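Remarks on the structure that follows.
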Amino acid sequence: MAEWQVRMVVNGQAVEQAVEPRLTLADLLRDRLGLTGTHLGCEHGVCGACTVLVDGAAVRSCLMFAVQADGREVTTVEGVAADDGTLSPVQAALRDCHGLQCGFCSPGFVMTITALLRDNPDPSDEEIREGLSGNLCRCTGYQGIIAAVRHAASALANGG
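Here it is, written out as structure tokens:
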């Protein structure tokens, strides 16, 4: 099968790869770039574990082909923390509010919440639930995750 040359910026770094047109963005990130924080759960776009930001929008990387990311900016969970390893406000809030258990869904939630709070810095509980409705978690019961969104929104509003 013919390969296509794709160029993108991933977590602030320019990336160029020759890819088959059928290669998903998730597989490029995980298998070629070693960014295994992007988890694959259902591979049907249902669970949200593979959520990344593409040009700032939360997308399911299992449903997007790598060639569709050509010329775009991709942020994975590895690119959310500060360069010195300091957790982002969203990551810290999930830790502090017990929004994490097994951790499998956590990267997708981090990316979804990051986009949600960028677009809506002070969401209501209903807006939080709607914003998170595309991410599935089997462990937390969602209460800690919802509390974490509120906590992160407050931290971001206060400059943190």
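So for the sequence shown, this note's numbering puts the first residue at 675; every next one is plus one.
Note that CB positions come from ideal geometry on N, CA and C, so glycine has one too.
Note that this is a predicted model, so its numbers are computed, not measured.
- By the CB criterion at 9 Å, A732 and L790 fall inside the cutoff.
- In this structure, DSSP gives E747 an extended state, which the three-state scheme calls strand.
- A Cβ-Cβ contact shorter than 9 Å links T750 with L709.
- By the Cβ-count criterion, D701 is buried, with 16 or more other Cβ atoms from all chains shown falling within 10 Å of its own Cβ.
- Spatial neighbours of V784 in its own chain (CB-CB distance under 8 Å, excluding positions within 5 residues in sequence) are listed in chain order as V751, V754, S762, V764, Q765 and L768.
- Measuring C-alpha to C-alpha distances from A723 to each of D729, G730 and L714 identifies L714 as the nearest.
- Spatial neighbours of V680 in its own chain (CB-CB distance under 6 Å, excluding positions within 5 residues in sequence) are listed in chain order as Q691, V693, A740, V741 and D744.
- For R824, the enclosing alpha helix (DSSP H) stretches over residues Q817 to A831.
- As the crow flies, the alpha-carbon of G773 is around 17 Å from that of E804.
- At a Cβ-Cβ threshold of 9 Å, C813 and C771 do not count as neighbours.
- Residue ranges of uninterrupted beta strand (DSSP E) with 3 or more members, entirely inside the region 704-776 and ordered along the chain, are 725-728, 731-734 and 747-749.
- Setting aside the 5 residues that flank it on each side, M682 is surrounded in the same chain by V689, A743, R746 and V748, each with a C-beta closer than 6 Å to its C-beta; the list follows chain order.
- Judged by beta-carbon spacing, L703 lies beyond the 9 Å limit of V728, meaning their Cβ atoms are not closer than that value.
- Between the alpha carbons of S735 and L699 lies a distance of about 5 Å.
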